[in-house]
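There are 2 protein chains.
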Amino acid sequence: MAVSTNPIPSVWARRQREPDQPSLSRDAIVREAIVMLDAEGTEALSMRKLASRLNAGATSLYRHVATKDELMELAVDEVFGEIALPPADGPDWRAAATDAAQAFRATVLRHPWLSSVLGQAGLAYLGPNLMSFAEQLTVLFTAAGFPEPVRAIDTLLCYTIGMGTTESAWLTTVARSGQTEAEFIARLMPAAQEAAGDFEHLADAYATAAGTDPVTTRDSKFSYGLEVVLDGLALRLPR
Amino acid sequence: MAVSTNPIPSVWARRQREPDQPSLSRDAIVREAIVMLDAEGTEALSMRKLASRLNAGATSLYRHVATKDELMELAVDEVFGEIALPPADGPDWRAAATDAAQAFRATVLRHPWLSSVLGQAGLAYLGPNLMSFAEQLTVLFTAAGFPEPVRAIDTLLCYTIGMGTTESAWLTTVARSGQTEAEFIARLMPAAQEAAGDFEHLADAYATAAGTDPVTTRDSKFSYGLEVVLDGLALRLPR
DNA sequence: CGCTGACTGCGAACGGTGTACGCAGAAGGG
DNA sequence: CCCTTCTGCGTACACCGTTCGCAGTCAGCG
Chain B
1 MAVSTNPIPS VWARRQREPD QPSLSRDAIV REAIVMLDAE GTEALSMRKL ASRLNAGATS
61 LYRHVATKDE LMELAVDEVF GEIALPPADG PDWRAAATDA AQAFRATVLR HPWLSSVLGQ
121 AGLAYLGPNL MSFAEQLTVL FTAAGFPEPV RAIDTLLCYT IGMGTTESAW LTTVARSGQT
181 EAEFIARLMP AAQEAAGDFE HLADAYATAA GTDPVTTRDS KFSYGLEVVL DGLALRLPR
Chain X
1 MAVSTNPIPS VWARRQREPD QPSLSRDAIV REAIVMLDAE GTEALSMRKL ASRLNAGATS
61 LYRHVATKDE LMELAVDEVF GEIALPPADG PDWRAAATDA AQAFRATVLR HPWLSSVLGQ
121 AGLAYLGPNL MSFAEQLTVL FTAAGFPEPV RAIDTLLCYT IGMGTTESAW LTTVARSGQT
181 EAEFIARLMP AAQEAAGDFE HLADAYATAA GTDPVTTRDS KFSYGLEVVL DGLALRLPR
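Here the protein sequences come in this chain order: B and X.
Position 214 (the first sequence) corresponds to 214 in my numbering; numbering is contiguous.
Position 199 (the second sequence) corresponds to 199 in my numbering; numbering is contiguous.
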């Protein structure tokens, strides 16, 4: 019964490419992969599912992409291209740095799989968008007068990556539960309170955090830490 | 030939437990999993390989652990128990915070898989060691006089997690190459320089970073950022 | 026009994965 | 002694990433 999918390989069943179906291409593959990652996360992306979304056979993808890891690398760089950085020549380095960090965070939250991929493969990616991102930041911090711009950038980025990782891991967990963030928190609270157990300070912290709106809480948490880092960096400027 | 492993199920082939082989237990499973993760990383850990290391059948593990994800959760909490935190009642909050961050970083670097797992599952872990870790930090920052100890802790932890993630992703990549860190950098430089391409500032940055010892460079990079964060936090203390 | 060589798509297959299921022997308590 | 509960595990299923070799398509060239 191996012929069941294409019963009689006759002349009439010839493949006739739809002209608007622009055939497979590396770009199309990467774009569709990102859509799938955004919608269902890292684990849901398989070469077979991706291919069938593109009306292609699973192994056809390998004509355009060497390996799944390489595909991920391409997806990461593509997404880095989305980060809208402020112009680097403005007078106010601090506002620009704030914008850059917020733009980075926004992108990470828009693609929650990003941080987990970064956590596995990190910096050995040398994609053009990532390089351009790094360059623009270097220009910004150099122009601001930092004696060690690379260190300053690393500090800012590590804070942002850490917060982004933590946040998107949380949001992924929430999403998997199928509930809203507030519902999920409400459900988790009893367990958390119990786990906090004898830890008084921790239990207090949970209790005070219980009532607030989760989204604005996360936003303001990020902004608080960002100000802390920028304050610390400002002390390193000469004069 | 399905009987070849145990030809005749007779009385004489009875399983006779070695008394020093203390049978399967959740703790033993988690410990061995951590050993495997440390040695070969997340991808190399499979239930079958883990079981065979414990002289057990693959599916026997499921009597003690509901799922592979749960096993990871347990491994994460176990490793959090290793973090040696300073006493929280010392007079110098800043020294204590530095010690805590360094201890955290040391643990992350000792178990490079940790940050990538945290990046996938984050905080919904409520294990006892993780709770105790959080409690101790809360005590420390409360005693130091911070009006919002939780925010201060989050800032510090996010910086440390971000740096730890970045570092261990890098080290994992290096390890996979089978080379020393210095060798790997030497090999990567041409590609990096080429990828830097027209980006002048970036190329400069690479060039100046080329000659230094990678380990001390990473250590001092972490310390620099840590001081930045602590400076920023210190400004939030009353008085 | 016809040939040729490169390129693209793909079905089948391989060796792995996590885990559900149900059987078999061990252990402990009445 | 029997009966229940617990523990280990062989088998099986659905899925995964990837290799291989075949079959069409098409551009370039004589």
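Each residue gets a CB set at the ideal place from its N, CA and C atoms; glycine is no exception.
For B/Arg218, no CB of chain X lies under 8 Å from its own CB, so it is not counted at the interface with that chain. For the region 51-82 of chain B, no residue has a beta-carbon sitting nearer than 8 Å to a beta-carbon of chain X. Gly162, Met163, Thr165, Thr166, Ala169, Trp170, Thr173: these are the residues of the region 162-184 of chain X whose beta carbon lies less than 7 Å from some beta carbon of chain B, given in chain order. Spatial neighbours of X/Thr160 in its own chain (CB-CB distance under 7 Å, excluding positions within 5 residues in sequence) are listed in chain order as Ala101, Phe104, Arg105.
Taking the C-beta atoms as reference points, X/Val229 is found nearer than 8 Å to X/Thr155. With a cutoff of 8 Å on beta-carbon distance, B/Ser115 and B/Thr165 are scored as near each other. When only Cα atoms are considered, X/Asp38 and X/Ser46 end up about 14 Å apart. Excluding the 5 residues flanking it on each side, B/Ala152 has same chain C-beta neighbours closer than 6 Å at Phe141, Phe146, Leu233, in chain order. Cβ contact annotation for B/Ala192 (same chain, cutoff 7 Å, sequence separation greater than five): Tyr206, in chain order. From the beta-carbon of X/Thr155, the residues of chain B found nearer than 8 Å are Tyr159, Tyr224, Gly225, Val228, Val229. In this structure, B/Leu130 lies near B/Phe80, with their beta-carbon atoms less than 8 Å apart.
Pairing B/Val174 with B/Tyr125 gives a Cβ-Cβ distance that is not under 8 Å. Taking a Cβ-Cβ threshold of 7 Å, the residues of chain X close to B/Lys221 are Arg151, Asp154, in chain order. DSSP places X/Tyr224 in the helix class (H, G or I) of the three-state scheme.
Taking 9 Å as the cut-off between beta carbons, none of the residues of the region 85-108 of chain X comes near chain B. Taking 8 Å as the cut-off, the beta carbon of B/Ala88 is found closer than this to the beta carbon of B/Ala96. Around the Cβ of B/Pro149, a 10 Å sphere holds 16 or more other Cβ atoms; the residue is buried. Of all alpha-carbon atoms in X/Thr42, X/Ala44, X/Ala51, the one lying nearest the alpha-carbon of X/Arg26 is that of X/Ala51. With respect to the 8 Å criterion, X/Ile29 and X/Val65 are classified as neighbours on the basis of their beta carbons. Residue burial is scored here from C-beta neighbours: X/Lys49 has fewer than 16 other C-beta atoms within 10 angstroms and is therefore classed as exposed. Using a CB distance below 8 Å, the part of the region 29-45 of chain X facing chain B consists of Thr42, ordered along the chain.
For X/Tyr206, the uninterrupted alpha helix (DSSP H) segment begins and ends at 200-209. Within the region 107-148 of chain B, the runs of alpha helix (DSSP H) at least 4 residues long that lie entirely inside it are, in chain order, 113-121, 128-143. The residues Ala88, Asp89, Trp93, in chain order, have a CB closer than 8 Å to that of X/Ala143 in the same chain once the five nearest residues on each side in sequence are set aside. The Cβ atoms of B/Ala182 and X/Leu202 lie no closer than 8 Å to each other.
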